[in-house]
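Residue numbers (my numbering), protein chains in the order written: chain R, 8 to 216; chain F, 8 to 216; chain Y, 8 to 216; chain D, 8 to 216; chain L, 8 to 216; chain P, 8 to 216; chain Z, 8 to 216; chain B, 8 to 216. C-beta atoms are modelled at their ideal positions from N, C-alpha and C, and glycine is treated no differently. All figures in this text were calculated on a predicted structure; none of them were measured in a lab.
8 protein chains.
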Amino acid sequence: ERTGEPEVVLATGKTPAQCAEAVAALHGGSSPVLVTRADAEHAAAVRGVVPDADYDEAARLVVVPAGEQRAGTPGTVAVATGGTGDLPVARECAGVLGAFGVEVRMVTDVGVTGVHRTLAAARTLTDTDVVVAVAGMEGTLPTVLAGLVSQPVVAVPTSVGYGASFGGVAALLTMLSSCAPGVSVVNIDNGFGAAMVARRILRTRGGAG
Amino acid sequence: ERTGEPEVVLATGKTPAQCAEAVAALHGGSSPVLVTRADAEHAAAVRGVVPDADYDEAARLVVVPAGEQRAGTPGTVAVATGGTGDLPVARECAGVLGAFGVEVRMVTDVGVTGVHRTLAAARTLTDTDVVVAVAGMEGTLPTVLAGLVSQPVVAVPTSVGYGASFGGVAALLTMLSSCAPGVSVVNIDNGFGAAMVARRILRTRGGAG
Amino acid sequence: ERTGEPEVVLATGKTPAQCAEAVAALHGGSSPVLVTRADAEHAAAVRGVVPDADYDEAARLVVVPAGEQRAGTPGTVAVATGGTGDLPVARECAGVLGAFGVEVRMVTDVGVTGVHRTLAAARTLTDTDVVVAVAGMEGTLPTVLAGLVSQPVVAVPTSVGYGASFGGVAALLTMLSSCAPGVSVVNIDNGFGAAMVARRILRTRGGAG
Amino acid sequence: ERTGEPEVVLATGKTPAQCAEAVAALHGGSSPVLVTRADAEHAAAVRGVVPDADYDEAARLVVVPAGEQRAGTPGTVAVATGGTGDLPVARECAGVLGAFGVEVRMVTDVGVTGVHRTLAAARTLTDTDVVVAVAGMEGTLPTVLAGLVSQPVVAVPTSVGYGASFGGVAALLTMLSSCAPGVSVVNIDNGFGAAMVARRILRTRGGAG
Amino acid sequence: ERTGEPEVVLATGKTPAQCAEAVAALHGGSSPVLVTRADAEHAAAVRGVVPDADYDEAARLVVVPAGEQRAGTPGTVAVATGGTGDLPVARECAGVLGAFGVEVRMVTDVGVTGVHRTLAAARTLTDTDVVVAVAGMEGTLPTVLAGLVSQPVVAVPTSVGYGASFGGVAALLTMLSSCAPGVSVVNIDNGFGAAMVARRILRTRGGAG
Amino acid sequence: ERTGEPEVVLATGKTPAQCAEAVAALHGGSSPVLVTRADAEHAAAVRGVVPDADYDEAARLVVVPAGEQRAGTPGTVAVATGGTGDLPVARECAGVLGAFGVEVRMVTDVGVTGVHRTLAAARTLTDTDVVVAVAGMEGTLPTVLAGLVSQPVVAVPTSVGYGASFGGVAALLTMLSSCAPGVSVVNIDNGFGAAMVARRILRTRGGAG
Amino acid sequence: ERTGEPEVVLATGKTPAQCAEAVAALHGGSSPVLVTRADAEHAAAVRGVVPDADYDEAARLVVVPAGEQRAGTPGTVAVATGGTGDLPVARECAGVLGAFGVEVRMVTDVGVTGVHRTLAAARTLTDTDVVVAVAGMEGTLPTVLAGLVSQPVVAVPTSVGYGASFGGVAALLTMLSSCAPGVSVVNIDNGFGAAMVARRILRTRGGAG
Amino acid sequence: ERTGEPEVVLATGKTPAQCAEAVAALHGGSSPVLVTRADAEHAAAVRGVVPDADYDEAARLVVVPAGEQRAGTPGTVAVATGGTGDLPVARECAGVLGAFGVEVRMVTDVGVTGVHRTLAAARTLTDTDVVVAVAGMEGTLPTVLAGLVSQPVVAVPTSVGYGASFGGVAALLTMLSSCAPGVSVVNIDNGFGAAMVARRILRTRGGAG
Ligand SMILES: Nc1ncnc2c1ncn2[C@@H]1O[C@H](COP(=O)(O)O)[C@@H](O)[C@H]1O
Ligand SMILES: Nc1ncnc2c1ncn2[C@@H]1O[C@H](COP(=O)(O)O)[C@@H](O)[C@H]1O
Ligand SMILES: Nc1ncnc2c1ncn2[C@@H]1O[C@H](COP(=O)(O)O)[C@@H](O)[C@H]1O
Ligand SMILES: Nc1ncnc2c1ncn2[C@@H]1O[C@H](COP(=O)(O)O)[C@@H](O)[C@H]1O
Ligand SMILES: [Mg+2]
Ligand SMILES: [Mg+2]
Ligand SMILES: [Mg+2]
Ligand SMILES: [Mg+2]
Ligand SMILES: [Mg+2]
Ligand SMILES: [Mg+2]
Ligand SMILES: [Mg+2]
Ligand SMILES: [Mg+2]
């Protein structure tokens, strides 16, 4: 594959058997195989095919390592969350990065309603290469972080919230409308996508990945 | 009027003559008369009827003082803005409060993309009674301020922005979804409404209003 | 915490064990700990950790009293509802206020389709300090009340209704568009948020809070 | 025409000449011809063809009387407005009813933020047959009126307002979500449509119309 | 009750016990008591309190007759549906009308994709007083009927459909945008509301109701 | 060009000079060059470059014939409109088809509120190959026509209307939700697109096109 | 039936018994009877009535052959999908076409993120008559295919995706906004509708069907 | 400024004098000053203050060079557009990058309806570091490019289009929903924002910036 991307199966709307079958066809090559949005049954079925597949239930992510091991992509990605409810999305992101040997630093629960914690967190991020900022509800974390750090900030809105959060739309619009420089946005709850963006950014540095 | 509110004319969709006629019928009583969203022609027509009416072009606000002067409502309202584009709305708010003799402290251009300025601003607000926070684009200012001060925060989304700001909708949703305590919200660009809320809050303190 | 706010856990999307763990870490300090949107299992798990936690099933609210008891915030908050379907949200609001020792007066089922009942209710509210008005469907109650009383009115749209109610959006837009003075709005179904706003308003009166 | 309806030309998007041409082709029969949304140029062009056409500039309505005069539809329609900004729509409704000889009673500026005026207005409507309630912004007037009168209430949302009024959408949703019995709704700013509904209701009474 | 309306309980979001309790408090007077959106458990609980309550499962409607029997409202209402999927809403409408002794004529499955059936249906409606037209998906039935009959047409959009039907929104917008005269609209799936409108129209004819 | 399509310039957002320059670069080949959404200035500039370019002001369409003349695509396309306001879009469609030598039959003002005219129109279409149905407001024409004819129906929603028409969205949703078989939909006001679809359908018949 | 269409029952919202009853009334004539959106219970009930009915569980489609067998509609329809998640919709389309004896060529998993596979697929489609392109998420497949082939392209958005896919809305808007010529669109997930359009297009070629 | 960002003035809603005043206060430091969305009058006023300010009318961008010249950020950014209508946004992006000494390669008019041109363009991008893909209407360009290149792709939706493009919303949703890896998105028409993201990505490579 010219762009060096992983094989990914989206479990939503597929049976465990269909996921297992897809993984059976894809694994063993030079890329890891990922199953996203996988529940416990999907994971069990995949493990029936590839016993050493790793499953993170909170992240709903199955990782099947590449057949031939490659050197990891060098660099560090910070994954910061606004609240504990954003953790599953952050873990999906971290898990995907981990599958490529990228070093991840998790910084959780640093949402801007306690802005002094946000500032303290920002100070610990100076030696990372990319910041992924995951936030639901009003989704302000990426805006504030981008004013405090100088790395690219990949913003991930989450569907955490209710009412006028509209399943992540409020956070999404906040992030898109942000006048803070250096923020770009992926789909609601798309921890996987943020990881893919972060990894491509690391590769611009000359990484092997 | 049982609730002690001003007479207000919304100039939008009215001719200058209609505004002047409305003001002629309403002024001279115990409440000030306000004309909101007034352009220069509206203001001129009103001044034809009440020469000492005050007009703030940026705020698009005409204030006709009450016939019988009352003591001002005691207390101080801080009006903070995210960017300079939010100033017209902030001035509408301040102008309405001024019409009731409320002391106003303006704090402009303290949006959260320069969060250290936001923090500095918050430190100057401790002796005010109510905070009105005016912000467009992603509209984060009220959320961050509410985590830093202990007063009620009245949030005013503005239509400043473009694209996914959707004429103030992004800021509105941000403010409604905010997980910061003590924030309540008025309509987009509604500086007038925020002033009315702030004044009622001041009156709970026993003000004469 | 500088702003004197409670610790709050949003149970939605968390397991009972996660809620209990969060409460265990937070309780015993100078603020009450609240768990909102808690079902019976969440409540049972929290009580496993703090046996004297109070649970209101209708309100889906767990209240864990502060370790050190403080004087309540002086003042009275009226909580009025349009219909009986709005009661859970009103009770969440009342329960949170109660956790801070605020006196609450509930006035239920005074929606504007029976406007004479609304008027009668308004006459009983004159000695309260803040009015929280909770209404679903078309959400008109706050508008009418604000024309009848002189206190600040905190409007809470609820998701009660169907079709063009759009899960509370119709009520939300009504409340934001209201031309009645003194109305500000919190998120759909956010009884908790309305309580936090009301308490901050009471504190502007010099309450201990 | 089997259903006895007027010929109507919507001027929006048509040139004055096109309107005049359409009227020239339609007038002189047993129904009046109406031109709605007509500005002064449209009206002038139509009058070039039919000199006795009547034009109400505020209502933007041209009425060309029927060639053969018929007895008016018996009955009275009340047309009530929330604010003065709703007058153009109310006048369009009244003008169309007038073209069919229906008696109209206008009751203006009785919006629910001054609910005592709404109640007083409702008391004057008991001898009318249909109530058309025209309101913008939050659009509550029909809901409250329907709880006070026993006639059918035809609700007309108007585009008066700004921000979360969304060009009449807030009022429309309010009216559709209303739990008051007897309310049905026509399109935003559709005074013409409300008149047509009211006239059909009058005809169920055995009117000649 | 001045406007002579029924007592109505919306079962959605209420327990069977709460519905039964509400009915117990309301029945026995001069109006019927209705429970809308009632499932079998709600109905059973109500019957525990008022054994002769009538339940139509398809319509999800419980009718508790008035304590003192009144003469029915004279007149006939046609209830027409586009497809068989619209029947539950049509039956809710018919059931409510029946509770007031109004004669109902059901005309089902006459949607406009088979427009010759629609025309045939319209010819059978000439001797009715009001037409309620119930339609989902694209919701065209009321528009076409209103061009064929001369009665008032009360349009009820239903949530039947998928995709761009958006739960009844497509049908709702069709009905509001209709250029056919004499059409007014109630909320999505609101058969109850259409019945209330139809009954008020019948009463303008001098019915006892 | 493998798919044999015309060169098309969208004038919106381009200066007359930019349009003329684009046409100068594209014309003279084996396909006609079209400029859509062209006002009189755009047309004049294009004619400065290609004097024999044809301009239909109502359709806002410039047609520059192909350099080398080809045989027209055999077959007939019916273009039907609901109201006269839909004519500009219908003419854009007809003009584009004409540029390819396709025979067009225009059938105007046959909207479904006068359904007997719609039926009469349908009877005249039996010998055409494709039906393009153009309608605004509630957009019902394609649904009814598709139940009466057996050709493919290409539906074009127009932005004619106001209020709940939402600039063509109501008509668009109607057309997409239609349960009539054989209807497919193009973008709002996209007469050009409908012509392109119709021409491809004709070519499946073995036309030279 | 003048337009030669099948009888179709939409199972959504109907009980198995209701579906079986409908099929019992409709089958045995000159058209096949289809039940769409049928789950296993619906299918079993229908087979109780017509034992030789065919059921495709993935497509959720029941096909009851016509009583009198007709010659199939001549011609070939290509059904292409972007991802494996789009297969159920593609199979509904193929199943309906099969019921009319139309030849179908399935080309799956050729979405544009692997655009070289899309190009390869396009090369295999040259001898088909119509292309149905089924795609979810961002829904780009029809746009790219229409630039590569010269047949009519019927685009089917699917509800596959999450977040900003909004249940198929993103794909729908992509397809409508496409600047590729020859694309028309049916409702989200409407494989049935695409088949009906494709069949009508084949009949313009002079097919019997 | 800790994050090394430019000073930026958004001209929308500001008078020429206000822009000039803002620039006068900000220029002369170590960062360039930019005025975005500037029309000719804004530009003239700024040049009255800083005569060597550069103005690109198509991009609506004023660039005031930094007082002290710094080394440019090393690296190359490709800016690709779908159509010529997207050029203004692409030029805003390129102009901002140029202000920081970043090398830009423009690749215009390579939209996916002519996918062979898109492929050819992709082949010329292999030696760039970041790809900015600007597209309106259906907005597919970034999705296809991201499947062909291995750099980070910053997607910029534009408001080019009409109807279901909804002012850039269709393109925005396409880009967010894309299943192509490595795509992140900025606000509609936000060429400025894309440049800021691209520059931060370049700086992760160790550039001086
Ligand atoms: N074209 C633009 N898009 C997004 N943000 C911008 C743009 N131009 C300026 N800004 C930001 O908007 C804010 C300026 O707001 P104001 O104080 O109202 O001028 C600053 O944070 C700028 O960085
Ligand atoms: N199906 C229904 N549609 C609309 N309004 C209803 C319906 N059923 C009950 N209502 C109204 O909803 C209100 C009852 O709300 P609640 O007090 O929550 O039961 C009353 O005003 C009823 O008239
Ligand atoms: N999957 C489907 N998509 C669109 N329309 C359908 C579908 N299945 C059935 N229909 C149509 O829906 C109508 C049936 O409605 P009903 O009478 O409620 O069963 C008929 O016009 C069918 O042609
Ligand atoms: N969580 C995810 N978010 C976005 N795209 C995904 C996700 N998981 C898988 N995909 C993509 O979705 C496509 C898989 O579609 P399918 O063929 O239906 O499994 C592939 O292009 C994957 O890269
Ligand atoms: Mg957050
Ligand atoms: Mg701001
Ligand atoms: Mg209410
Ligand atoms: Mg009103
Ligand atoms: Mg129908
Ligand atoms: Mg039409
Ligand atoms: Mg796809
Ligand atoms: Mg493009």
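> Can you pull the DSSP bridge partners for residue 142 (chain P)?
Replying inline: Position 135 of the sixth sequence, counted from the first residue, corresponds to residue 142 (chain P). As computed with DSSP, residue 142 (chain P) is found in a beta bridge with P:164.
> In terms of residues, what are the limits of the alpha helix (DSSP H) holding residue 130 (chain Z)?
Replying inline: To locate residue 130 (chain Z), count along the seventh sequence from 1; it is residue 123. From DSSP, the alpha helix (DSSP H) with residue 130 (chain Z) extends over 122-130.
>> Let me make sure I understand the geometry here. Which of R:45, R:156 and R:106 has the alpha-carbon closest to that of residue 21 (chain R)?
In response: Along the first sequence, read from residue 1 onward, the residue named residue 21 (chain R) stands at position 14. With distances taken between Cα atoms, residue 21 (chain R) lies closest to R:45.
> In chain P, what lies closer than 7 Å to residue 196 (chain D) by C-beta?
Replying inline: The residue given as residue 196 (chain D) occupies position 189 in the fourth sequence. Those are 169 and 170, listed as they occur along chain P.
>> Against chain Z, does residue 187 (chain B) count as a neighbour if the rule is that its beta carbon must be under 8 Å from one of theirs?
In response: Sequence index remark: in the eighth sequence, residue 187 (chain B) carries index 180 (1-based). True, the Cβ-Cβ gap to chain Z drops below 8 Å.
> Applying a beta-carbon distance threshold of less than 7 Å, which residues of chain F neighbour residue 177 (chain R)?
Replying inline: Counting from one through the first sequence, the residue named residue 177 (chain R) turns up at place 170. Chain F residues near residue 177 (chain R): 180, 181 and 184.
> Of all the residues that make up the segment 14-27 of chain F, which are near chain R by a beta-carbon distance shorter than 8 Å?
Replying inline: Residues are counted here when their Cβ sits less than 8 Å from a Cβ of chain R; for the segment 14-27 of chain F the count is zero.
> With 16 as the cutoff for other CB atoms within 10 Å, does residue 76 (chain B) come out buried or exposed?
Replying inline: Residue numbering aside, residue 76 (chain B) sits at position 69 when the eighth sequence is read from its first letter. The residue is exposed, with fewer than 16 neighbouring Cβ atoms inside 10 Å.
> Going along the chain, which residues of its own chain have a beta-carbon closer than 7 Å to the beta-carbon of residue 214 (chain Z), five neighbours each way excluded?
Replying inline: Stepping through the seventh sequence from its first residue, residue 214 (chain Z) is reached at position 207. Note that residue 214 (chain Z) has pLDDT 42, beneath the 50 cutoff, so the model's placement of it is unreliable and the number below is only indicative. Counting only Cβ-Cβ distances below 7 Å, and skipping sequence neighbours, we find 80, 81 and 82.
> residue 92 (chain D) versus chain F: which residues are under 8 Å apart at the beta carbon?
Replying inline: Sequence index remark: in the fourth sequence, residue 92 (chain D) carries index 85 (1-based). Those are 17, 19, 20 and 21, listed as they occur along chain F.
> If we cut at 8 Å on Cβ distances, does residue 144 (chain P) have a partner in chain Z?
Replying inline: Position 137 of the sixth sequence, counted from the start, is the residue given in the question as residue 144 (chain P). Proximity of residue 144 (chain P) to chain Z, defined by a Cβ-Cβ separation below 8 Å, is not satisfied.
>> Just to confirm my understanding: we take residue 174 (chain Z), look at its own chain, exclude 5 residues before and 5 after, and list those with CB closer than 6 Å. What are they?
In response: Mapped onto the seventh sequence, residue 174 (chain Z) falls at position 167. Excluding residues up to 5 positions away in sequence, 166 lie with their Cβ nearer than 6 Å to the Cβ of residue 174 (chain Z) in the same chain.
> Contact between the segment 20-37 of chain B and the segment 47-59 of chain B: three or more CB pairs below 8 Å?
Replying inline: Touching, yes, given that three or more Cβ pairs across the two stretches are closer than 8 Å.
> Does the beta carbon of residue 155 (chain B) sit closer than 8 Å to a beta carbon anywhere in chain Z?
Replying inline: By one-based count along the eighth sequence, residue 155 (chain B) stands at place 148. Yes, contact with chain Z.
> Closer than 8 Å, CB to CB, is residue 131 (chain F) near chain R or not?
Replying inline: Numbered from 1 along the second sequence, position 124 holds the residue referred to as residue 131 (chain F). Residue 131 (chain F) is outside the set of residues whose beta carbon lies under 8 Å from a beta carbon in chain R.
> Closer than 8 Å, CB to CB, is residue 203 (chain B) near chain R or not?
Replying inline: By 1-based counting over the eighth sequence, the position of residue 203 (chain B) is 196. For residue 203 (chain B), at least one C-beta of chain R is nearer than 8 Å to its own C-beta.
>> Strictly under 8 Å for the Cβ-Cβ distance: is residue 165 (chain B) near chain Z by that measure?
In response: Numbered from its first residue, the eighth sequence carries residue 165 (chain B) at position 158. Not one chain Z Cβ lies under 8 Å of residue 165 (chain B).
> Nearest to residue 132 (chain R) by CA position, among R:179, R:15, R:117 and R:144, is which residue?
Replying inline: What you label residue 132 (chain R) is simply residue 125 of the first sequence in a count that begins at 1. That would be R:117, whose Cα lies nearest to the Cα of residue 132 (chain R).
>> Give me, in chain order, the residues of the same chain whose beta-carbon lies closer than 6 Å to that of residue 155 (chain Z); leave out the 5 immediate sequence neighbours on both sides.
In response: For the purposes of this step, residue 155 (chain Z) is taken as the residue at position 148 of the seventh sequence. The residues are 129.
>> Determine whether the beta carbon atoms of residue 98 (chain R) and residue 65 (chain R) lie at a separation below 8 Å.
In response: Against the first sequence, residue 98 (chain R) aligns to sequence position 91. Against the first sequence, residue 65 (chain R) aligns to sequence position 58. Cβ distance < 8 Å, so residue 98 (chain R) and residue 65 (chain R) count as in contact.
> What residues in the segment 62-93 of chain Z have a beta carbon less than 9 Å from any beta carbon of chain P?
Replying inline: Going along the segment 62-93 of chain Z in chain order, one finds 82 with a Cβ nearer than 9 Å to chain P.
>> So the candidates are B:164, B:208 and B:192; which of them puts its Cα closest to the Cα of residue 95 (chain B)?
In response: Counted from its first residue, the eighth sequence places residue 95 (chain B) at position 88. Checking every option, the nearest Cα to that of residue 95 (chain B) belongs to B:164.
> With distances taken between CB atoms, is the gap from residue 187 (chain F) to residue 153 (chain F) smaller than 8 Å?
Replying inline: Position 180 of the second sequence holds residue 187 (chain F). Position 146 of the second sequence holds residue 153 (chain F). Result yes, Cβ atoms of residue 187 (chain F) and residue 153 (chain F) sit closer than 8 Å.
>> Within 10 Å of its beta-carbon, does residue 9 (chain Y) have 16 or more other beta-carbons around it, so buried, or fewer, so exposed?
In response: Reading the third sequence from its first residue, position 2 is the one you call residue 9 (chain Y). Its pLDDT being 48, under 50, residue 9 (chain Y) is placed unreliably in this model, and the coordinates cannot settle the point.
> Any idea which residues DSSP pairs residue 110 (chain B) with across the strands?
Replying inline: Along the eighth sequence, one-based indexing puts residue 110 (chain B) at 103. Paired residue(s): B:83.
> Is the Cβ-Cβ distance between residue 177 (chain F) and residue 139 (chain F) less than 8 Å?
Replying inline: Translated into the one-based positions of the second sequence, residue 177 (chain F) becomes position 170. Translated into the one-based positions of the second sequence, residue 139 (chain F) becomes position 132. No, these two residues do not count as a Cβ contact at 8 Å.
>> Just to confirm, is the Cβ distance from residue 204 (chain F) to residue 191 (chain Y) under 8 Å?
In response: Indexing the second sequence from 1 puts residue 204 (chain F) at position 197. Indexing the third sequence from 1 puts residue 191 (chain Y) at position 184. Against a cut-off of 8 Å, the Cβ pair of residue 191 (chain Y) and residue 204 (chain F) comes out as a contact.
>> Less than 6 Å between C-beta atoms, sequence neighbours within five positions excluded: which residues of the same chain meet that for residue 40 (chain B)?
In response: Within the eighth sequence, the letter at position 33 stands for residue 40 (chain B). Taken in chain order, the residues that qualify are 14, 30, 33, 34 and 71.
>> Going by DSSP, what residue range makes up the alpha helix (DSSP H) through residue 209 (chain Z)?
In response: Here the question's residue 209 (chain Z) lines up with position 202 in the seventh sequence. From DSSP, the alpha helix (DSSP H) with residue 209 (chain Z) extends over 198-210.
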